[in-house]
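Each residue of the sequence shown is one higher than the one before, starting from 505 at the first, in our numbering. Yeah, the Cβ is synthetic: ideal placement off N, Cα and C, and Gly gets one too. These numbers were taken from a predicted model, which means no experiment stands behind them.
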Amino acid sequence: MQKKATRRLWFRIYRSVARPFIRRPKFIYLGERVTEPSLILSNHVGASAPLAWEIYFDLSFRFWGTHEMTEGPFSVYRYLSRVYFYQKKHMRKWLARLVGLVGTPFAWLFYRGLRLIPTYRDARFVSTVHKSCEALASGQSLIIFPEDSSRGYFDNLRKFYSGFAVLAGHMLRKGTDLPIFVSYYKKKERAFIIDRPVRFSELSAGTTDLQEIADRLCDRANALARIVSVAAEDLTRRS
505 MQKKATRRLW FRIYRSVARP FIRRPKFIYL GERVTEPSLI LSNHVGASAP
555 LAWEIYFDLS FRFWGTHEMT EGPFSVYRYL SRVYFYQKKH MRKWLARLVG
605 LVGTPFAWLF YRGLRLIPTY RDARFVSTVH KSCEALASGQ SLIIFPEDSS
655 RGYFDNLRKF YSGFAVLAGH MLRKGTDLPI FVSYYKKKER AFIIDRPVRF
705 SELSAGTTDL QEIADRLCDR ANALARIVSV AAEDLTRRS
């Protein structure tokens, strides 16, 4: 597993502006740590979890991200104003447009620096799988936010989309049985709790229903949420 890749200088400077606002989280592992290219499934918590992963996780990885955030400033503005701030953050429409307009230049630059792997909900998802395979082959893990956030971000996750399982199934057919880590980030405790890894072959044993697999892992993420507070408090006492 590669150490975290060095970002370009301009992005490191740009990212440093956000660092004072994102305090260092605890990474609490219930089992082994990430030691090989893996899929890491995380809740989103708005922008909080992606920023915490990007600034403080010390291994090489790529994010999956919605394709609208990779397609130029106008696409970024439409997504921020119509989807992120209006549908997910529940701002008034006029305020979502205003905040989206102000935030677009900053978000566009930030997502360029992240080198997101764009995700799609149509046949173009093939390109997501192809780029993901290249990243995994180079020694990078993938951090994926599979939750259904169409109505907003909730502590109790409503659903996981199954795109990650499509990728894992493809990799298994090619001879690579990916480990999958389910994690949950609790902003208040500033803690990621990361479950023991499970191989996709184990998850898919006895079923071909990828949504069933996604549902099981979503349930596991919600179970992790219930122990984040206890684990974080215990770690704090021992540190």
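Check the DSSP bridge columns for residue i and list the partner residues they point to.
i: Tyr533; result: Ile698
i: Lys690; result: Ala695
i: Glu651; result: Phe664
i: Thr570; result: Thr623
i: Phe685; result: Ile544
i: Leu618; result: Bridge partners of Leu618: none, in fact.
By Cβ distance, which residues of its chain are closer than 8 angstroms to residue i, with the 5 residues on each side in sequence left out?
i: Phe664; result: Leu545, Pro650, Glu651, Asp652, Ala718, Asp719, Leu721, Cys722, Ala725
i: Lys597; result: Tyr590
Using C-beta distances below 6 angstroms, list every residue in its chain close to residue i, excluding the 5 sequence neighbours before and after it, in chain order.
i: Phe696; result: Pro529, Phe531, Ser687, Tyr689
i: Ser552; result: Lys691
Cutting at 7 angstroms between CB atoms, please list the residues of its own chain near residue i, excluding the five before and the five after it.
i: Asp681; result: Arg703, Phe704, Ser705
i: Ser579; result: Glu572
i: Ala556; result: Ile526, Pro529, Tyr689
i: Phe610; result: none
i: Pro701; result: Gly535, Glu536, Ser542, Pro683, Ile684, Phe685
i: Leu661; result: Asn547, Glu651, Cys722, Ala725, Asn726
i: His594; result: Gly656
i: Leu602; result: none
How about residue i and residue j: do their beta carbons lie closer than 9 angstroms?
i: Thr608; j: Leu640; result: no
i: Gly673; j: Ile648; result: no
i: Gly569; j: Leu620; result: yes
i: Arg655; j: Gln591; result: yes
i: Ser708; j: Leu676; result: yes
i: Glu575; j: Pro524; result: no
i: Tyr657; j: Asn547; result: yes
i: Gly604; j: Arg586; result: yes
Relative to the C-alpha of residue i, which residue among the options is closest?
i: Leu543; options: Phe567, Leu646, Arg586; result: Leu646
i: Val538; options: Arg730, Ser708, Ala729, Ile698; result: Ile698
i: Gly617; options: Val630, Phe567, Tyr560; result: Phe567
i: Ser636; options: Asp626, Val670, Ser654; result: Val670
i: Tyr615; options: Leu728, Lys593, Arg516; result: Arg516
i: Leu613; options: Arg519, Thr712, Lys678, Gly710; result: Arg519
i: Glu558; options: Glu540, Arg582, Ala522; result: Ala522
i: His731; options: Gly710, Asp659, Ala600, Thr711; result: According to the sequence displayed, residue 731 carries Ile and not His. Out of Gly710, Asp659, Ala600, Thr711, Asp659 has the C-alpha closest to the C-alpha of Ile731.
i: Pro577; options: Val606, Thr632, Asp713; result: Val606
i: Arg582; options: Ala600, Lys593, His594; result: Ala600
If you run the structure through DSSP and keep just helix, strand and coil, what is residue i?
i: Glu706; result: helix
i: Arg586; result: helix
i: Arg625; result: coil
i: Ser642; result: coil
i: Tyr581; result: helix
i: His674; result: helix
i: His594; result: coil
i: Phe658; result: coil
i: Ile526; result: coil
i: Gly607; result: helix
i: Glu716; result: helix
i: Ala551; result: coil
i: Glu558; result: helix
i: Thr711; result: coil
i: Thr632; result: helix
i: Val538; result: coil
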